[in-house]
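Q: Sharing a structure below in structure tokens format, with a few things to ask.
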Amino acid sequence: MDNPINNNSDNNNQLQPFLLRVIEHTNPELFYKRVKSYLQEYEAQNNLMFGIISSLINTPSKYDCKVLLTIEDYSNINNNTDNTDNNTENNNIELVVVWTPPYPMNISYSPYFVGSSQQELSTSSSLSSLEKKRMIVLEYLMNFLLGNNSKENDQENSFLKRNKLSLSGIGSDNSEAEWFAKEWTNKFNFYNKFYNNNSDNKIGYKIQYKERIYSLIKKDLVLVKNKPLDEICFTKITMENENEIKQATLLFTNFFKEIFNQDKSHDFIYKGYVEPCAKNNLLFSCQVPINQTETDNNENNNDKNLKMVISVACGFATPSGARISLVITAPEYRRKGIASYMMSCIGEELLIENCDLYKVLFLFTDLDNPTSNSVYQKIGFKEVRNLFRIEFN
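Read in order, the letters of the sequence shown correspond to residues 4 to 396 in the working numbering.
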């Protein structure tokens with residue numbers, strides 16, 4: 004879908020005419036090849052996108068639905084050139100969308116709106132040409148989803164209606180996410196009223212999560228030298244150890260219930276997180292010996308060296324490093340420094356002992372959880388991006 008945009012702004016911030024096109028991608032592997040170098044320009048900020056795309060390639064059953072889009076500027080490209088899935092050039096990409104309904108939609112990072120106030124974003128005269136272009140691209144995305152980029156304003160054949168989808172939320176930088184939410188709810192309610200004759204079904208929005216992305220490189224790593232417990236050991240869990248696999252699966256299941264209030268099946272956790280991470284040597288844990296009395300009371304147990312998994316984390320590879328996710332410690336072992344110790348060991352394992360493969364580590368945190376943010380900062384993680392996860396309701 005093409006739409007020529009001729010937006011000449013003031014002389015100080017001249018915005019050149021450009022031609023936008025939305026490309027829908029169905030093959031995650033080809034999509035990855037197309038967007039990799041574009042996303043890698045801000046790898047830390049876009050690390051979640053790398054993780055989701057990787058999951059779509061390696062464990063497609065993890066998501067019931069996928070929407071992979073690029074919005075590209077074709078103003079300097081020959082119209083006869085086939086520059087879709089089979090061409091990996093990305094110089095014309097303006098926006099990448101990775102969306103796995105019913106989860107919120109993720110859009111690629113741009114530095115242009117960062118730090119801008121809502122008042123500044125509502126006054127176009129105060130924006131630079133790059134900020135204006137980003138705003139136009141985002142509006143183009145909204146119109147594409149709602150069916151308003153065609154001359155006929157055909158809402159019946161809009162992307163959302165054609166695919167029977169509903170946008171549940173958006174994840175992006177604070178100011179950009181809030182601006183998008185305001186524009187989206189206004190557009191949605193307007194179209195719903197005038198094209199569907201439905202003024203009662205209005206949507207609003209609320210900030211569901213306030214998140215932060217951190218990154219860690221080798222020179223910033225602060226190692227935790229003292230063990231929090233005498234008999235604790237850090238180890239990677241492999242597929243061969245069924246007992247540890249089961250324990251890790253249970254802890255991750257509890258993580259989703261505790262943090263997101265989501266009841267995920269053991270099968271979902273195992274196939275989506277435990278199995279792929281263990282196979283890629285990126286399933287980490289802290290363990291302690293199981294009490295000898297408990298071991299002796301189990302008639303079917305002949306292994307006197309069983310360990311109890313008390314803390315776990317999983318890793319997903321990115322082009323330059325890994326994204327660490329689902330860091331959780333069993334409730335009875337919290338506030339003992341175990342998470343700090345495990346994260347320090349993960350940093351040592353990847354950034355020092357395997358520095359040829361892992362140059363940087365990334366992770367997400369919930370800003371409403373000061374404990375976890377403090378843990379990561381103490382071992383050297385640096386803030387790189389603040390986000391709002393906004394829910395439409």
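Beta carbons: idealized from backbone N, C-alpha and C, even for Gly.
From residue 293 to residue 243, what distance separates their C-alpha atoms?
A: Residue 293 and residue 243: Cα-Cα distance of roughly 19 Å.
Q: Where does the unbroken beta strand (DSSP E) through residue 271 begin, and where does it stop?
A: Per DSSP, residue 271 belongs to no beta strand (DSSP E); it is in the alpha helix (DSSP H), 269-272.
Q: Leaving out the 5 sequence neighbours to the left and right, which residues in its chain are closer than 6 Å to residue 296 when beta-carbon positions are compared?
A: In this prediction, residue 296 has a pLDDT of 38, which is less than 50 and means its spatial position is unreliable; nothing more can be read from the coordinates.
Q: So if DSSP puts residue 292 in a beta bridge, which residue, or which two residues, is it bridged to?
A: DSSP lists 310 as partners of residue 292.
Q: Check for me: the alpha helix (DSSP H) holding residue 341 runs from which residue to which?
A: Note, residue 341: alpha helix (DSSP H), 341-350.
Q: Residue 111 and residue 130 - do their beta-carbons sit closer together than 7 Å?
A: Contact: no.
Q: Output needed for residue 113: all residues of its chain with C-beta closer than 6 Å, excluding positions within five of it in sequence on either side, in chain order.
A: Cβ neighbours of residue 113 beyond the five flanking positions: 137.
Q: Confirm, please, whether the CB-CB distance from residue 235 to residue 388 is below 7 Å.
A: Their beta carbons are not under 7 Å apart, which means residue 388 does not touch residue 235 by this criterion.
Q: State yes or no: is the C-beta of residue 172 within less than 7 Å of the C-beta of residue 356?
A: Contact flag unset, no.
Q: Using a threshold of 7 Å, state whether the C-beta atoms of residue 96 and residue 73 are closer than that.
A: For residue 96 and residue 73, yes; Cβs fall inside 7 Å.
Q: Return yes when the Cβ of residue 21 is within less than 7 Å of the Cβ of residue 78, no when it is not.
A: Taking 7 Å as the Cβ cut-off, residue 78 and residue 21 qualify as a contacting pair.
Q: Assign residue 338 to one of three DSSP states: helix, strand, or coil.
A: Residue 338 falls in the coil class under three-state DSSP.
Q: Extract the residue ranges of the beta strand (DSSP E) inside the region 14-76, only unbroken runs of 3 or more that lie entirely within it.
A: Runs of the beta strand (DSSP E) inside the region 14-76: 21-28 and 70-76.
Q: Whole angstroms are fine: how far does the CA of residue 346 sit from the CA of residue 313?
A: One C-alpha to the other measures close to 14 Å.
Q: Mind reading off the beta-carbon distance from residue 321 to residue 34? Whole number of angstroms is fine, and I expect it under 8 Å.
A: Going by Cβ atoms, the distance from residue 321 to residue 34 rounds to 16 Å, so no, they are not a contact pair.
Q: Could you tell me whether the region 178-188 touches the region 350-367, where touching means 3 or more Cβ pairs closer than 8 Å?
A: No: fewer than three Cβ pairs fall under 8 Å.
Q: Under the three-state reduction of DSSP, which class applies to residue 376: helix, strand or coil?
A: Looking at residue 376 - three-state DSSP - the assignment turns out to be helix.
Q: Quick one: using the 10 Å Cβ neighbour count with 16 as the cut-off for buried, is residue 76 buried or exposed?
A: Burial call: buried.
Q: Suppose contacts are defined by Cβ-Cβ distances below 7 Å. Is residue 391 in contact with residue 210 by that definition?
A: Yes, Cβ-Cβ distance for residue 391 and residue 210 is below 7 Å.
Q: Looking at the secondary structure, which residues open and close the beta strand (DSSP E) in which residue 108 lies?
A: Residue 108 -> beta strand (DSSP E) spans 108-110.
Q: How many angstroms separate the CA atom of residue 115 from the CA atom of residue 250?
A: Going from the Cα of residue 115 to the Cα of residue 250 covers about 44 Å.
Q: Please work out which residues of its chain come closer than 8 Å, Cβ to Cβ, to residue 224, disregarding the five sequence neighbours upstream and downstream, and give them in chain order.
A: Taken in chain order, the residues that qualify are 347, 350, 351, 354, 355, 382 and 383.
Q: Once DSSP output is grouped into helix, strand and coil, what is the label at residue 98?
A: Strand, per DSSP.
Q: Go through the region 213-253 residue by residue and report every complete run of the beta strand (DSSP E) that reaches 3 residues or more, in order.
A: Listed in chain order, they are 236-239.
Q: Can you give the Cα-Cα distance for residue 194 and residue 204, rounded to whole angstroms?
A: So the two alpha carbons sit approximately 11 Å from each other.
Q: Nearest-angstrom Cα distance between residue 361 and residue 219?
A: Straight-line Cα distance between these residues: approximately 11 Å.
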